[in-house]
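*Asks:*
Protein chains: 2
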Amino acid sequence: MAIELKVIKIGGNVIDNPAMLDSFLKDFASLEGPKILVHGGGKKATELSHKMGFTPQMVDGRRITTDQDIEMVTMVYAGLINKSIVAKLQNLNTNAIGLSGADGNAILASRRPVKTIDYGWVGDIEKVNATFIKAQIENGLCPVLCAITHDNAGHLLNTNADTIASEVAVAMSDLYDVSLIYCFEKPGVLTEVEDDNSLIRNLNEEFYAELKSKSAIHSGMIPKLDNCYNALKKNVRKVIIGSPDVLKKDYNTFTTLSL
Amino acid sequence: MAIELKVIKIGGNVIDNPAMLDSFLKDFASLEGPKILVHGGGKKATELSHKMGFTPQMVDGRRITTDQDIEMVTMVYAGLINKSIVAKLQNLNTNAIGLSGADGNAILASRRPVKTIDYGWVGDIEKVNATFIKAQIENGLCPVLCAITHDNAGHLLNTNADTIASEVAVAMSDLYDVSLIYCFEKPGVLTEVEDDNSLIRNLNEEFYAELKSKSAIHSGMIPKLDNCYNALKKNVRKVIIGSPDVLKKDYNTFTTLSL
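Just so you know, the protein sequences line up as chains H and V, in that order.
For the first sequence, this note's numbering assigns the number 8 to the initial residue and increments by one for each residue that follows.
For the second sequence, this note's numbering assigns the number 8 to the initial residue and increments by one for each residue that follows.
1. By the 10 Å Cβ neighbour count, where 16 or more other Cβ atoms means buried, how is V:I10 classified, buried or exposed?
2. Cutting at 7 Å between CB atoms, please list the residues of its own chain near V:T81, excluding the five before and the five after it.
3. Strictly below 8 Å CB to CB, what residues from chain V border H:I43?
4. Would you mind listing the beta strand (DSSP E) stretches within the region 182-220 of chain V that are 3+ residues and don't spill past its ends, in chain order?
5. Checking contacts by CB at 8 Å: is H:G111 closer than that to chain V?
6. Are the C-beta of V:G130 and some C-beta of chain H separated by less than 8 Å?
7. Quick check on DSSP: helix, strand or coil for V:D67?
8. Give me the residue from V:L152, V:N209, V:K221, V:E199 with the minimum Cα distance to V:I17.
9. DSSP three-state call for V:I114: helix, strand or coil?
10. Just verifying my parser: in three-state terms, what is the DSSP assignment at V:K153?
11. For H:L87 and chain V, any beta-carbon pair shorter than 8 Å?
12. Where are the alpha helix (DSSP H) runs, 4 residues long or more, that stay fully inside the region 15-70 of chain V, in chain order?
13. At a CB-CB cut-off below 7 Å, which residues of chain V make contact with H:M82?
14. What's the C-alpha gap between H:E201 and V:I124?
15. Hey, out of V:N234, V:A137, V:R69, V:S91, whose CA is closest to V:K115's CA?
16. Using CA coordinates, which residue listed in H:Y183, H:P63, H:D131, H:P25 is at the minimum distance from H:V243?
17. Tell me whether the region 69-84 of chain V and the region 56-69 of chain H touch, counting them as touching only if at least three CB pairs, one residue from each stretch, are closer than 8 Å.
18. Throw me the rounded Cβ distance for the H:L210 and H:T262 pair, which I believe falls under 8 Å.
19. With a threshold of 6 Å on Cβ separation, who are the neighbours of V:T198 within its own chain once the five nearest residues in sequence on each side are excluded?
20. Measure the alpha-carbon distance for V:I188 versus H:L38 and round it to whole angstroms.
21. Please report the distance separating the alpha-carbon of V:N237 from that of H:G60.
22. Distance, Cα to Cα, H:G227 vs V:E78?
23. Just confirm the distance between the C-beta atoms of V:G130 and V:T166, as a whole number of angstroms; I'd bet it's less than 8 Å.
24. Using three-state DSSP, classify H:S173 as helix, strand or coil.
25. Kindly list, in the order they appear in chain H, the residues whose Cβ is closer than 8 Å to that of V:A168.
26. Rounded to whole angstroms, what's the CA-CA distance from H:G168 to H:G108? Just pull it up for me.
27. Could you have a look at V:H227 and say whether DSSP puts it in helix, strand or coil?
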């Protein structure tokens, strides 16, 4: 039987809240066994862009990544956030190693082709280097991945952190029994976005399709859930969406996805 | 006989000049055998600080690293510069991995005690984790180290890149035959700072002491040279200071240091 590996993704709202982040990192550090952390960006990159005198352009909630933006997100995601998390994990006796997709050629991507919109330096994942990541884990390290990839032509690319978590989980499934856990500011998938009591504890694909057809799923959740089902179809053993308290095994704080 | 390992440091002036950096990286990528790159910061952190509305305070050419400054240098050194170099090296078929001292607990430091001046988040190196760095090299990776360390109490620290190069070279000398090469904007140690023809090809410690006593060494070179002799005394096999062209084996572009 393969060894269990946890791939845990934290979103921007967790990162933007120092108390929530510290509490999450404590729980993360105390998890037994091999684990990978994937983190998003939070508001810092946008805030700093404003301070520097430019305003990131968003289309459908996605950043148009200009030359200025890729510098900014590289600084904030791969620099400030990634290294701050790694330093905190070291203090919690977790031997973390912060990685962008360029490091060790961990995640190769290609710049998104222009159809109607040119997203700029945005990368779609081509290949996750599972061998490299496994070697780090076998050296006793805990990879901490930020949402920056590369194209192997010398360019850094901005890639959605949810997609990174999903694709990393899929690639590692050839080598481990992988659980993929998305932590964000809600206790899971809700039928009423403002009502935590509307938590769906189990969401299979059929039920998901039904809810989607009734517009009962918040639109912001759809790409995340699509990433979840993609992972389940490609041999990720278990996929969960919940609040950071899911790591405390609080059963009111997550949704379990199934096919 | 131990395997040879090259530890090469590039300074800010190389980083600030894109053509010089690209040319250096090509030469670096073509070097055979295990190698480590250590890079400084350049002017970008100071430029960005000004854009963000604060002015870094310098005392004797050293940055007083406030809370704002440590965020800025983490973004620029560990984020932008480090990952840009790693992406370029990947494109040059060098499997680089960018590291701060927090990653894999590579470089443990302690915040500099306050005597007359509080340097803020500045770290003095306590221990280089040679075992970790060796494991990366043995996995076929080329470590690219930035000038950020950590204190294992959750804080990142700003550490002089010349000192990092020297201490990494010393620590790796237990495991490899180490050559330490400092690349900067001059062709080596000069007796006349503006005259490249005043290059000293060989500088032993006695000659260095003599030149220092006559004030014939530019003050900015003294900490760098002290790092060199420190390395030689602690079993680093060879120490060189020169322009990036030293990697092309241009014999007019470097000074060899000896005890």
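Cβ coordinates follow ideal geometry from the N, Cα and C atoms, glycine included.
*Replies:* Based on what the coordinates show:
1. Position 3 of the second sequence, counting from 1, holds the residue named residue 10 of chain V. V:I10 sits exposed, since fewer than 16 C-beta atoms from the chains shown fall within 10 Å of its C-beta.
2. Position 74 of the second sequence, counted from the first residue, corresponds to residue 81 of chain V. Spatial neighbours of V:T81 in its own chain (CB-CB distance under 7 Å, excluding positions within 5 residues in sequence) are listed in chain order as I155, L163.
3. For the purposes of this step, residue 43 of chain H is identified with residue 36 of the first sequence, where counting begins at 1. Contact annotation for H:I43 against chain V: no contact, minimum CB-CB distance about 14 Å [criterion: below 8 Å].
4. If we require 3 residues or more, the beta strand (DSSP E) runs fully inside the region 182-220 of chain V come out as 184-190, 209-211.
5. Start at 1 with the first residue of the first sequence, and residue 111 of chain H comes out as number 104. For H:G111, a Cβ of chain V is located within less than 8 Å of the residue's own Cβ.
6. Residue numbering aside, residue 130 of chain V sits at position 123 when the second sequence is read from its first letter. Contact with chain H is absent for V:G130, since none of that chain's Cβ atoms lies less than 8 Å from the residue's Cβ.
7. The count along the second sequence starts at 1 and reaches residue 67 of chain V at position 60. In the three-state reduction of the DSSP assignment, V:D67 falls in the coil class.
8. Within the second sequence, residue 17 of chain V is the residue found at index 10, counting from 1. Considering only alpha carbons, the answer is V:L152.
9. As a working note, residue 114 of chain V is residue 107 in the second sequence. Assignment of V:I114 by DSSP, reduced to helix, strand and coil, places it in the strand class.
10. Residue 153 of chain V sits at position 146 when you count from the first residue of the second sequence. At residue 153 of chain V the sequence reads Cys, which differs from the Lys that was named. Here DSSP, grouped into helix, strand and coil, assigns V:C153 to coil.
11. Indexing the first sequence from 1 puts residue 87 of chain H at position 80. Interface with chain V (8 Å Cβ-Cβ cutoff): H:L87 is included.
12. Qualifying alpha helix (DSSP H) stretches, in chain order: 19-22, 25-36, 51-58.
13. Position 75 of the first sequence holds residue 82 of chain H. Near H:M82 (Cβ distances below 7 Å), the residues of chain V are M82, V83, G86, L87.
14. As a first step, residue 201 of chain H must be located in the first sequence, where it is residue number 194. As a first step, residue 124 of chain V must be located in the second sequence, where it is residue number 117. For H:E201 and V:I124, the gap between their C-alpha atoms comes out near 52 Å.
15. Along the second sequence, read from residue 1 onward, the residue named residue 115 of chain V stands at position 108. Contrary to the premise, residue 115 of chain V reads as Leu rather than Lys in this sequence. Of V:N234, V:A137, V:R69, V:S91, the residue nearest in Cα terms is V:A137.
16. Position 236 of the first sequence, counting from 1, holds the residue named residue 243 of chain H. Closest by alpha carbon: H:Y183.
17. With a cut-off of 8 Å, the region 56-69 of chain H and the region 69-84 of chain V do not count as touching, because too few Cβ pairs lie within range.
18. Sequence index remark: in the first sequence, residue 210 of chain H carries index 203 (1-based). Sequence index remark: in the first sequence, residue 262 of chain H carries index 255 (1-based). Rounded, the Cβ-Cβ distance is 5 Å, consistent with contact.
19. On the second sequence, residue 198 of chain V is found 191 positions in, with the first residue counted as 1. Non-local C-beta neighbours of V:T198 in its own chain, meaning closer than 6 Å and more than five positions away in sequence, comprise S205, A223, ordered along the chain.
20. Against the second sequence, residue 188 of chain V aligns to sequence position 181. Against the first sequence, residue 38 of chain H aligns to sequence position 31. Distance between the alpha carbons of V:I188 and H:L38 is about 42 Å.
21. If you number the second sequence from 1, residue 237 of chain V lands on position 230. If you number the first sequence from 1, residue 60 of chain H lands on position 53. About 45 Å.
22. Working through the first sequence from its first residue, we reach residue 227 of chain H at position 220. Working through the second sequence from its first residue, we reach residue 78 of chain V at position 71. Taking the straight line from one Cα to the other gives about 31 Å.
23. The sequence position of residue 130 of chain V within the second sequence is 123, counting from 1. The sequence position of residue 166 of chain V within the second sequence is 159, counting from 1. With a Cβ gap of about 5 Å, V:G130 and V:T166 count as contacting.
24. Translated into positions along the first sequence, residue 173 of chain H becomes position 166. Reduced to three states, the DSSP call for H:S173 is helix.
25. As a first step, residue 168 of chain V must be located in the second sequence, where it is residue number 161. In chain order: nothing, as chain H lies at least about 16 Å away.
26. The residue given as residue 168 of chain H occupies position 161 in the first sequence. The residue given as residue 108 of chain H occupies position 101 in the first sequence. Per the sequence shown, residue 168 of chain H should be read as Ala rather than Gly. Take the alpha-carbon of H:A168 and the one of H:G108: they are about 11 Å apart.
27. Taking the first residue of the second sequence as 1, we reach residue 227 of chain V at position 220. Checking the sequence shown, residue 227 of chain V turns out to be Gly, not His. Note: V:G227 maps to helix in three-state DSSP.
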